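A.B. asks: Encoded as structure tokens, here's the structure I'll be asking about.
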Ligand SMILES: [Zn+2]
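Set out below in structure tokens:
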């Protein structure tokens, strides 16, 4: 009796394994392709494969900027919108601050990256000023956070949540610049990423707008980060 139970169990396992193999063989290609992309290649391209179209054939989505492994927007201008709290924040001047942050990125990239305000509830980038509402931990002192979404290596609807006042408002909205640049793939300054493969900082601490705790109201985007963005978006 016991042996028979074992045999039946074994058969069921065998049938399940076979069913899984069948499912895997006939499931849509994207699932498998996504799994087969080494994560590092999305973050650290070597100079050799940077512009090699032939090695990008695995991607089902092609666009005018798809000469790169990097996650990117597949169109320009990038659309943005903000919620009502943002519209009213800073005596109603916060939308100007957003615009200033975006103009900064446009100017620094020599117009390679441009932005357009939309009324859509699903823009490329949504600014959300619910303050405490979206904060994951009430005791957290984070000023703002960027939440990126992408499919394959194309950005989709992404969001920036503003949690508290930044001290550079009215001067240079460095927090807005910092968070927006996260949504273009820029990592925190000093971390190992595409432009500083050794992790060695090329620009000193707080002068870099991608410093993790940007408090310097004169902080700037590094030349390496500008070059990276231009490599993808300049035509
Ligand atoms: Zn950050």
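Residue numbers (our numbering): 2 to 236.
Cβ coordinates follow ideal geometry from the N, Cα and C atoms, glycine included.
Just so it is clear, the structure is predicted and the values come from calculations on it, not from any experiment.
(1) Spell out a yes or no on whether the stretch 183-192 and the stretch 206-220 are touching, meaning 3 or more CB-CB pairs, one atom from each, closer than 8 Å.
(2) I need the straight-line Cα distance from residue 53 to residue 69, nearest angstrom please.
(3) Could you tell me which residues DSSP pairs with residue 82 in its beta bridges?
(4) Could you spell out where the beta strand (DSSP E) holding residue 118 opens and where it closes?
(5) Any idea if residue 186 is buried or exposed, counting beta-carbon neighbours within 10 angstroms, 16 or more meaning buried?
(6) For residue 235, collect the residues of the same chain with a Cβ closer than 6 Å to its Cβ; drop the 5 residues on either side in sequence, then sort them by chain order.
(7) Label residue 116 either buried or exposed according to how many other C-beta atoms from any shown protein chain fall within 10 Å of its C-beta, with 16 as the threshold for buried.
(8) If we ignore side chains and look at the alpha-carbon of each, how far apart do residue 67 and residue 77 end up?
(9) Assign residue 102 to one of three DSSP states: helix, strand, or coil.
(10) Cβ of residue 213 within 7 Å of any heavy atom in ligand 1?
(11) Check whether the Cβ of residue 183 lies closer than 7 Å to any heavy atom of ligand 1, and answer yes or no.
(12) Going by CA-CA distance only, name the one from 171, 98, 161 that's closest to residue 124.
C.D. replies: So, from the data block:
(1) yes
(2) Any answer about residue 53 is weak, because its pLDDT of 44 lies below 50 and its placement is not dependable; what the coordinates show is given next. About 8 Å.
(3) 127
(4) 116-118
(5) buried
(6) 113
(7) buried
(8) 13 Å
(9) helix
(10) yes
(11) yes
(12) 161
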